[in-house]
Structure formats: structure tokens, C-alpha cells
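Novice: Pasting in a structure now, in C-alpha cells, and then I'll have a few things to ask.
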Amino acid sequence: RKEVEQDPGPFNVPEGATVAFNCTYSNSASQSFFWYRQDCRKEPKLLMSVYSSGNEDGRFTAQLNRASQYISLLIRDSKLSDSATYLCVVPNSGYSTLTFGKGTMLLVSP
Amino acid sequence: ETGVTQTPRHLVMGMTNKKSLKCEQHLGHNAMYWYKQSAKKPLELMFVYNFKEQTENNSVPSRFSPECPNSSHLFLHLHTLQPEDSALYLCASSQDGLAGGNEQFFGPGTRLTVL
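The following block contains the structure:
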């Protein structure tokens, strides 16, 4: 299993749709996880942190399944402004560095 | 200025040139990072500095040479680069080197083209 693997995308959805991204990780010792968002030709920015079974922030819900080493990000009621690449991020076992997935691109259309 | 700044934003250089990328963070953080982002590849960590000490060198070729004079500034000195080094170079900072518990804040990046 790759260190961090994400759905390849791109996901093309209409406004208002619900979309979910999946991420699997290989380091079973990881305790916290992150979803970052990267707009086209911009830097990554933190979207959500996930420390327990999940986290919800408005239209965004992150869920964690430690047994399956799987993280998901659910976006409800998609907006045009949600179009971006979503990066799944996992700390290494020493918590000194982060490993980034390749990212999943989301395109929300009118 | 706030956040993490990087200069220059764009750089075109020949393989025999020597140039430097600069990063400055205004967040009072103690850890700084250099990443390389190439098309269709995940972010690749290059170097980590924690309290001005280099704590990670991710098998980066010696033609990339980092320098961290203090906790707020980070440089990446470039010399005799190859065309495959063309990429977006991102600087980031976090409160300390325990990245697992701390958000990393990224600068806007330097888009480097090596001819």
C-alpha cells in the first residue's frame, strides 16, 4: 500500500451535489490527519484536521476509520468556489513530517 | 506583512546559473520546510528546520542547498540545476517540528523553470 493514496479524480459535479473523496494510508500508527485544499496555481491551505473518528465543519465532514486505515471527506451542497484539489495528509510515525497524497481535483459546474 | 512570503514568485534560470529562493514567515513559528511540487506528483518534502537546526534532508541532491539563519527566514540556494528540477517550490512553517499536531502554513511558492 502506498503511504497515502487518494481517488485519482477529477470529480465533475453540478452545483448542489454531494461528493465524497477517499484516502487510504499505510502508517497504522498515525493518530491525526488533515485535509488541505489547493486552488489552481496557489498554495495548499488547511481545510480540516481529523483527530478522532471524524470532524464536521459546515458543509464539510471528515470521517476516519482506523481499522481500515481510511479517511474520507464529504462535501454537501457543492459550490462553484469548492472547485480545487483536495489533499489528504498524514503525519509520519515520528510526527516530524507530513506525507501528502497526490490530491483529488474537484470541478463544480453551474 | 503577515503569513509566509516567498520571493521571487517566478524564476527562469539556465543550468549554469546560481540563484537563491527566499522564504520569510511572520507567524512566530519555530519550524520551516521546503517542498517541491511537480505536475501530477504529490508534494515532496525536501528539508525541515526546527529551531534553526536542520532535522530532515529527504535525500535531496546537493545542487539544492538550504540555509536557515534564524527561525523566520529560510533560503534555498540553487546551482547547476537540471531541467527536471523545474517545479513549484513551496515554503511552509509550523509552530514547531511536531508536524503531526500542528498546521503547516504555506507560502505562495516560487515557480522555477530551468532551461
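Which chain is which? The protein sequence lines are A and B, in order.
For the first sequence, this note's numbering assigns the number 78 to the initial residue and increments by one for each residue that follows.
For the second sequence, this note's numbering assigns the number 18 to the initial residue and increments by one for each residue that follows.
Think of the CB as a built atom: it goes at the ideal place given N, C-alpha and C, for glycine as much as any other residue.
Remember, predicted model here, so these are calculated numbers, not experimental data.
1. Does the distance between the C-beta of residue 103 of chain B and the nearest non-hydrogen atom of the ligand FAD fall short of 7 Å?
2. Should residue 131 of chain A be flagged as near chain B, meaning a C-beta pair shorter than 8 Å?
3. Let's see if you can read the secondary structure: which residues bound the beta strand (DSSP E) around residue 105 of chain B?
4. From A/129, A/157 and A/133, pick the residue whose C-alpha is nearest to that of residue 141 of chain A; which is it?
5. Give the straight-line distance between the Cα atoms of residue 131 of chain B and residue 98 of chain B, rounded to the nearest whole angstrom.
6. Going by DSSP in three states, residue 126 of chain A sits in which element: helix, strand or coil?
7. Considering just the uninterrupted stretch of the beta strand (DSSP E) at residue 117 of chain A, what are its terminal residues?
8. Taking the C-alpha atoms as reference points, what is the distance between residue 143 of chain A and residue 31 of chain B?
9. In angstroms, rounded to a whole number, what distance separates the CA positions of residue 56 of chain B and residue 128 of chain B?
10. Just tell me which of A/109, A/125, A/161 and A/103 has its CA closest to the CA of residue 88 of chain A.
11. Which chain B residues sit within Cβ distance under 7 Å of residue 120 of chain A?
12. Alpha carbon to alpha carbon, how far is residue 102 of chain A from residue 82 of chain A? Give it in angstroms, no decimals.
13. For residue 125 of chain A, collect the residues of the same chain with a Cβ closer than 8 Å to its Cβ; drop the 5 residues on either side in sequence, then sort them by chain order.
14. Looking only at its own chain, which residues have a Cβ that is under 7 Å from the Cβ of residue 63 of chain B, when we skip the five neighbours before and after it?
15. Does any residue of chain B have a CB that is nearer than 8 Å to the CB of residue 86 of chain A?
16. For residue 161 of chain A, which beta-bridge partners are listed by DSSP?
17. Could you have a look at residue 101 of chain B and say whether DSSP puts it in helix, strand or coil?
18. Please confirm if residue 141 of chain A has its CB atom under 8 Å from at least one CB of chain B.
19. For residue 38 of chain B, decide whether its Cβ has a neighbour in chain A, counting only Cβ atoms nearer than 8 Å.
20. Identify, in the order they occur along the chain, each residue of the same chain with its Cβ nearer than 7 Å to the Cβ of residue 153 of chain A, setting aside the five sequence neighbours on each side.
21. Within 10 Å of its beta-carbon, does residue 68 of chain B have 16 or more other beta-carbons around it, so buried, or fewer, so exposed?
Specialist: Taking the definition as stated:
1. Although the ligand FAD was asked about, the structure shown includes no ligands whatsoever.
2. no
3. Counted as a single uninterrupted DSSP element, the beta strand (DSSP E) harbouring residue 105 of chain B occupies residues 104–111.
4. A/129
5. One Cα belongs to residue 131 of chain B, the other to residue 98 of chain B, and the distance between them is close to 7 Å.
6. Correct three-state label for residue 126 of chain A: strand.
7. Where residue 117 of chain A is concerned, there is no enclosing beta strand (DSSP E), given that its DSSP letter is neither H nor E.
8. 48 Å
9. 12 Å
10. A/161
11. 107, 123, 124, 125 and 126
12. 6 Å
13. 111, 112, 132, 134, 137, 139 and 150
14. 51, 52, 53, 75, 77 and 81
15. no
16. A/183
17. helix
18. no
19. no
20. 95 and 136
21. exposed
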